[in-house]
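Each remark here refers to the structure printed beneath this line.
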Amino acid sequence: MRRSLISNPNKSPLLQRLLRKAPAANKETENRMKWTNVLYKAEGLRVKDDKGMLRSSLRKEWGDQSENIVEKMQKRQEETEERRTSVTSFPQY
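Per full-length UniProt numbering, numbering through the sequence shown is continuous, rising by one, with the last residue being 93.
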């Protein structure tokens with residue numbers, strides 16, 4: 001997801017600068033990009049070009065990941081406590 005957001009050709013600052021410098025190529029480039037996206041969609045591929053959706057999915061992934069980390073840490077802590085309480089003292093000889 002992160003790569004899609006960074007390398008999104010429709011929103012790329014480099015592409016925008018190039019399009020401002022060459023207005024004649026602007027229409028051709030935009031048209032080519034639109035047709036490419038349409039062809040990808042017709043083939044059944046997902047075109048991830050909505051910047052808002054990409055950002056929200058990144059936030060969602062990181063939110064889930066942070067929750068999972070906290071849950072795993074708590075689970076490990078509980079297991080450690082169980083081991084400590086289950087261990088009896090050393091046998092007396």
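All C-beta atoms, glycine included, are put in the ideal place defined by N, C-alpha and C.
Everything numeric in this text was worked out from a predicted model, so none of it was measured.
Whole angstroms are fine: how far does the CA of residue j sit from the CA of residue i?
i, j, result
"Ser56", "Val47", "16 Å"
"Gln23", "Met33", "In the sequence on display, residue 23 carries Pro and not Gln. Spanning the two alpha carbons is a distance of roughly 15 Å."
"Lys73", "Glu61", "As written in the sequence, residue 73 is Met, which differs from the Lys given in the question. Rounded to the nearest angstrom, the two C-alpha atoms are 18 Å apart."
"Trp35", "Gly52", "22 Å"
"Val70", "Val87", "26 Å"
"Arg76", "Leu45", "41 Å"
"Ala42", "Gln65", "33 Å"
"Asn26", "Leu39", "20 Å"
"Ser4", "Gln16", "Caution is warranted here: a pLDDT of 49 is assigned to Ser4, below 50, making its placement in the model unreliable, and the coordinate value is therefore given only provisionally. Going by the C-alpha atoms only, they are around 17 Å apart."
"Arg59", "Glu78", "29 Å"
"Gly63", "Arg84", "32 Å"
"Leu18", "Thr29", "10 Å"
"Thr80", "Pro13", "51 Å"
"Arg20", "Glu67", "44 Å"
Please report the Cβ distance between residue i and residue j, rounded to the nearest whole angstrom; I am assuming they are in contact, meaning their Cβ atoms lie under 8 Å.
i, j, result
"Asn37", "Asp50", "At roughly 11 Å, the Cβ-Cβ gap does not stay under 8 Å, so Asn37 and Asp50 are not in contact."
Counting only runs that start and end within the region 14-43, where is the alpha helix (DSSP H) found for 4 or more residues in a row? 23-43
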